[in-house]
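Just below is one structure, and these are the notes that go with it.
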Amino acid sequence: GMMSFDRKELTDEQLVAFYKSILWPRMIEEKMLVLLRQGRISKWFSGIGQEAIAVGATLALDSDEWIMPLHRNLGVFTTREMPLHRLFMQWQGAKEGYSKGRERSFHFGSAANHVCGMISHLGPQLAIADGVALAYQQRGQLKATLAFTGDGGTSEGDFHEALNVAAVWNLPVIFIIENNGYGLSTPTNEQYACESLVDRAKGYGMEGIKIDGNNILEVYETIKGVREYCINNQKPYLVECMTFRMRGHEEASGVKYVPKDLMEAWSRKDPIKNYEQYLVSEGILNEMQVAEIRNDIKDQIEKDLATAMEPAPFTPSIEEELADVFAPSVDTGVQIYQDVFANKDSLGPFQQKRFIEAISDALMQTMDRYPEMVIMGQDIAEYGGAFKVTEGFVEKFGKQRIRNTPICESAIVGAALGLSLEGIKSVMEMQFADFVSVGFNQIVNNLAKIHYRWGQNADVVVRMPTGAGVGAGPFHSQSNEAWFTHVPGLKVVYPSNPADAKGLLIAAILDPNPVLFFEHKALYRKLEGEVPDAYYQLLIGKAHFVARGTEATIITYGMGVVWAKAYQEKYPDLSLTILDLRSLAPMDYDAIAEAVASTGKVLVLHEDNLTGGIGADIAAWIAEHCFQQLDAPVMRCASLDTPIPFNIELEKQYLANARLEEQMQKLLSY
Numbered sequence: 005g006m007m008s009f010d011r012k013e014l015t016d017e018q019l020v021a022f023y024k025s026i027l028w029p030r031m032i033e034e035k036m037l038v039l040l041r042q043g044r045i046s047k048w049f050s051g052i053g054q055e056a057i058a059v060g061a062t063l064a065l066d067s068d069e070w071i072m073p074l075h076r077n078l079g080v081f082t083t084r085e086m087p088l089h090r091l092f093m094q095w096q097g098a099k100e101g102y103s104k105g106r107e108r109s110f111h112f113g114s115a116a117n118h119v120c121g122m123i124s125h126l127g128p129q130l131a132i133a134d135g136v137a138l139a140y141q142q143r144g145q146l147k148a149t150l151a152f153t154g155d156g157g158t159s160e161g162d163f164h165e166a167l168n169v170a171a172v173w174n175l176p177v178i179f180i181i182e183n184n185g186y187g188l189s190t191p192t193n194e195q196y197a198c199e200s201l202v203d204r205a206k207g208y209g210m211e212g213i214k215i216d217g218n219n220i221l222e223v224y225e226t227i228k229g230v231r232e233y234c235i236n237n238q239k240p241y242l243v244e245c246m247t248f249r250m251r252g253h254e255e256a257s258g259v260k261y262v263p264k265d266l267m268e269a270w271s272r273k274d275p276i277k278n279y280e281q282y283l284v285s286e287g288i289l290n291e292m293q294v295a296e297i298r299n300d301i302k303d304q305i306e307k308d309l310a311t312a313m314e315p316a317p318f319t320p321s322i323e324e325e326l327a328d329v330f331a332p333s334v335d336t337g338v339q340i341y342q343d344v345f346a347n348k349d350s351l352g353p354f355q356q357k358r359f360i361e362a363i364s365d366a367l368m369q370t371m372d373r374y375p376e377m378v379i380m381g382q383d384i385a386e387y388g389g390a391f392k393v394t395e396g397f398v399e400k401f402g403k404q405r406i407r408n409t410p411i412c413e414s415a416i417v418g419a420a421l422g423l424s425l426e427g428i429k430s431v432m433e434m435q436f437a438d439f440v441s442v443g444f445n446q447i448v449n450n451l452a453k454i455h456y457r458w459g460q461n462a463d464v465v466v467r468m469p470t471g472a473g474v475g476a477g478p479f480h481s482q483s484n485e486a487w488f489t490h491v492p493g494l495k496v497v498y499p500s501n502p503a504d505a506k507g508l509l510i511a512a513i514l515d516p517n518p519v520l521f522f523e524h525k526a527l528y529r530k531l532e533g534e535v536p537d538a539y540y541q542l543l544i545g546k547a548h549f550v551a552r553g554t555e556a557t558i559i560t561y562g563m564g565v566v567w568a569k570a571y572q573e574k575y576p577d578l579s580l581t582i583l584d585l586r587s588l589a590p591m592d593y594d595a596i597a598e599a600v601a602s603t604g605k606v607l608v609l610h611e612d613n614l615t616g617g618i619g620a621d622i623a624a625w626i627a628e629h630c631f632q633q634l635d636a637p638v639m640r641c642a643s644l645d646t647p648i649p650f651n652i653e654l655e656k657q658y659l660a661n662a663r664l665e666e667q668m669q670k671l672l673s674y
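All residue numbers for the sequence shown refer to my numbering, where the first residue is 5 and numbers rise by one.
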């Protein structure tokens, strides 16, 4: 029989407006399929048959509440009034789209429309909604946010992490599952074994409901009510919308795998045909008016396409591409120095502090300065963190801002990005740098690329307690900075002394881009130095000359600086240049060239293992750009290409320092 529609309080005008809203993406899609066959666009993810979900849900939210859509949610973009000519330019890869030609199909967002662009991995969208909801909550705003996933996406770990965090933190997030029966060609019985996906809500301690996703009024009324629930109770909610897509996963895959009778059953449930019949049967529209509305939309589509059809000639610019990898830095009114000790007069007074106290200082002073800023991590609140960096913070700033997290690195990085969409700074502590692998995707694909993709910055710092030397074994001792120096869009900072640690951490938090901030755990309590009381930044991307000499150069960072200084003390008559890089991305190539020229003999020293370490990049750069200055091959001194062993004797043998004497001997006698 016919779908049953319940108009509740909706006026005739609203019902007609809903009809136009749901028809608009359908008719755009039908046109796109024609253009696809003509070769005018290259790929299309069809939402035909699913429009009621995206449109109904978007209508139920305020226009300034963030939505995290996926491939089949054209109705979100159109209902948020993103003009078709610009959408079309986006799909064509034209410069005038939403991502300067850098992104495809639906992988783009627009802060002005409060739509967050997806990445291909599906699951990570959900945690971003957690962060946005947290931002609303921090500000006491009565708002909710909404994230889409498909039946396939619920199989990802990110689904579990995001729902769990939202439930534990009591966040106003609406999670919508569009259950269309298939993940590409894989039917749901090969995706999950529970009766209904909404049954999972109970396991997280949240409410859930399953609805007919093809009924626009049911979707609208449900989401409207769910939104009120989320705001009033400050809790999340899971909605499973049953639907079907009438086309392939994307047009190239076709629908041969779908049983014919299933296709026919669902075509009778077409969300647009059914709603249109309802409006006509109720006398809200007549056949003439329906025809007029369709003609108006057809004309509008043709007009918009005519505007978009002739994109301006595309002249790629390398400068522009490189410039857009990072958000431009903002003036925060905080003095930036290149060297703390060259500015002792203007920076005083100084105090002797341990490395760990310098880090705590930077966090404490920045939290004071930015009253919305949040610190997140495992055991960081009452316990003060595994290394006690945030000890005493929860008493000063409260549990809203110093947040203990469940053990779920991916969702917390995603939540940090969500805070960033709302302009709130955050610092996340990885309990150990080793654990970053579980949040890797969010960092390298979401944080790193979002500014380049659609101009949205990710104002996030991930603190990375790193390094060996304390007998902590294979999973608490790794130096994994080179995983991140390879990824454009991430800044990687690695200080070697307390004064640098404070100034660089402040700079990292003030920088509007994602920064991985490496802190050597073996130095936390061992290393002391003079640190200014003042609030100051050190320029990220500037190396520091620890010593200038004539016989040989050691280029290093982090623990390597400590090793190099110890080596120099052992051989006081040797005239060494020691360069502390401090920042690995961006890298200070001017200082490297200067350090090479000073002696002509270079050793690149790092604690990371040899193969694929950042030393390989530096050595290659020197060979390419400073060949004339060299009096010996560039040599590297690094840790062994094995995992890090636990036994102290084995660990000593593993570390680069065990081979420093021998490598320096080789270099000096070349």
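Note that the Cβ used here is the ideal one computed from N, Cα and C, for glycine as well.
Counted within 10 angstroms of its Cβ, other Cβ atoms place LYS429 as buried (16 or more) or exposed: Buried, since its Cβ has 16 or more Cβ neighbours within 10 Å.
Please work out which residues of its chain come closer than 6 Å, Cβ to Cβ, to LEU289, disregarding the five sequence neighbours upstream and downstream, and give them in chain order. Residues LEU283 of the same chain have their beta carbon placed closer than 6 Å to that of LEU289, with the five preceding and five following residues left out of the count.
Looking at ARG467 and the ligand ATP, is the gap between the Cβ and the nearest heavy atom below 7 Å? Of ligands this structure carries none, so the ligand ATP is not represented either.
For SER414 versus GLY443, is the C-beta distance shorter than 8 Å? Yes, the Cβ-Cβ distance between SER414 and GLY443 is below 8 Å.
So what's THR311 in DSSP terms, helix, strand or just coil? In the structure shown, THR311 sits in a helix (DSSP, three-state: H, G or I).
CB of ARG407 within 8 Å of CB of VAL431, strictly: Cβ atoms of ARG407 and VAL431: not closer than 8 Å.
Given that a residue counts as buried once 16 or more other Cβ atoms are within 10 Å of its Cβ, and exposed if not, what is GLN676? Any question about residue 676 goes unanswered here, given that the chain covers just 5 to 674.
Since ALA462 and GLY135 are thought to touch, with beta carbons under 8 Å apart, how far apart are those beta carbons, to the nearest angstrom? The Cβ separation is near 11 Å, so there is no contact.
Where GLY287 and TYR140 are concerned, what is the direct C-alpha to C-alpha distance, given to the nearest angstrom? Our two residues, GLY287 and TYR140, have alpha carbons roughly 42 Å apart in a direct line.
May I ask which residues mark the beginning and end of the beta strand (DSSP E) holding PHE1? This structure cannot settle anything about residue 1, because the visible part of the chain is limited to 5 through 674.
How many angstroms separate the CA atom of GLY599 from the CA atom of ALA556? Just to set this straight, residue 599 is Ala in the shown sequence, not Gly. Our two residues, ALA599 and ALA556, have alpha carbons roughly 9 Å apart in a direct line.
What do you get for CYS198, buried or exposed, if any count of 16 or more other CB atoms within 10 angstroms of its CB means buried? By the neighbour-count rule (16 or more Cβ atoms within 10 Å), CYS198 is not buried but exposed.
With respect to the alpha helix (DSSP H) encompassing ARG44, which residues constitute its N-terminal and C-terminal limits? ARG44 -> no alpha helix (DSSP H), and no H or E assigned at all.
Since GLU244 sits in a beta bridge, which residues does DSSP pair it with? Per DSSP, ILE181, LYS214.
Pairwise C-alpha distance: PHE631 and ARG84: Rounded to the nearest angstrom, the two C-alpha atoms are 57 Å apart.
Excluding five sequence neighbours on each side, which residues of the same chain lie with their C-beta closer than 7 Å to the C-beta of LEU19? Closer than 7 Å at Cβ, skipping near neighbours: ARG11, LEU283, ILE288.
State the start and end residues of the unbroken beta strand (DSSP E) segment that holds ALA58. Careful: ALA58 lies outside any beta strand (DSSP E), inside the alpha helix (DSSP H) at 55 to 64.
Can you list, in chain order, the residues of its chain whose CB lies under 8 Å from that of ALA505, leaving out five sequence neighbours each side? Same-chain partners within the cutoff: PHE359, ALA362, ILE363, ALA366, PRO499, GLU523.
Spatial neighbours of GLU55 within its chain, please: C-beta separation below 6 Å, excluding the five flanking residues on both sides. A distance below 6 Å between beta-carbons, with the five flanking residues on each side excluded, links GLU55 to the following residues of its chain, in chain order: ILE26, PRO29, ARG30, GLY79, PRO275.
Starting from the Cα of PRO332, find the closest Cα among LEU138, GLY258, HIS455 and give me that residue. Taking each of LEU138, GLY258, HIS455 in turn and checking the Cα distance to PRO332, the smallest one comes out for HIS455.
Please state if the CB of ARG204 and the CB of ALA148 are separated by a distance shorter than 8 Å. ARG204 sits away from ALA148, with the two beta carbons spaced by 8 Å or more.
Which word fits GLN435, buried or exposed, when buried means at least 16 other C-beta atoms lie within 10 angstroms of its C-beta? Its Cβ being crowded by 16 or more others within 10 Å, GLN435 is buried.
Whole angstroms is fine: what's the gap from ALA98's alpha carbon to VAL119's? Taking the Cα positions, ALA98 is about 20 Å away from VAL119.
Is ASP265 helix, strand or coil when you go by DSSP? In this structure, ASP265 counts as helix in the three-state DSSP scheme.
Could you please give the first and the last residue of the uninterrupted beta strand (DSSP E) stretch that includes ILE406? Segment 406 to 408, the beta strand (DSSP E) holding ILE406.
Give the range of the alpha helix (DSSP H) segment to which ASP372 is assigned. 359 to 373 is the extent of the alpha helix (DSSP H) around ASP372.
Can you tell me where the alpha helix (DSSP H) with HIS118 in it begins and where it stops? Premise fails: HIS118 is in no alpha helix (DSSP H) and is neither H nor E.
Taking DSSP's pairing of strands, which residues face PHE354 in a bridge? BP columns for PHE354 point to PRO536.
Report buried or exposed for GLN369, applying the criterion of at least 16 other Cβ atoms within 10 angstroms of its Cβ. By the neighbour-count definition (other C-beta atoms within 10 Å, threshold 16), GLN369 is a buried residue.
Label HIS629 either buried or exposed according to how many other C-beta atoms from any shown protein chain fall within 10 Å of its C-beta, with 16 as the threshold for buried. Looking at its Cβ environment, which holds fewer than 16 other Cβ atoms inside 10 Å, HIS629 is exposed.
When the Cα of ARG405 is compared with those of GLN96, GLN142, ARG41, which residue comes out closest? Proximity to ARG405 across GLN96, GLN142, ARG41 peaks at GLN142, based on C-alpha coordinates.
What number of angstroms, rounded off, separates the C-alpha of ASP155 from the C-alpha of GLU194? Approximately 11 Å, taken between the alpha carbons.
Taking the alpha-carbon of ILE181 as reference, which of ALA551, LEU514, ILE227 has the nearest alpha-carbon? Scanning ALA551, LEU514, ILE227 for the CA closest to the CA of ILE181 turns up ILE227.
Report the CB separation of GLY113 from GLY157 in whole angstroms; it is logged as a contact under 8 Å. That pair is no contact at about 18 Å.
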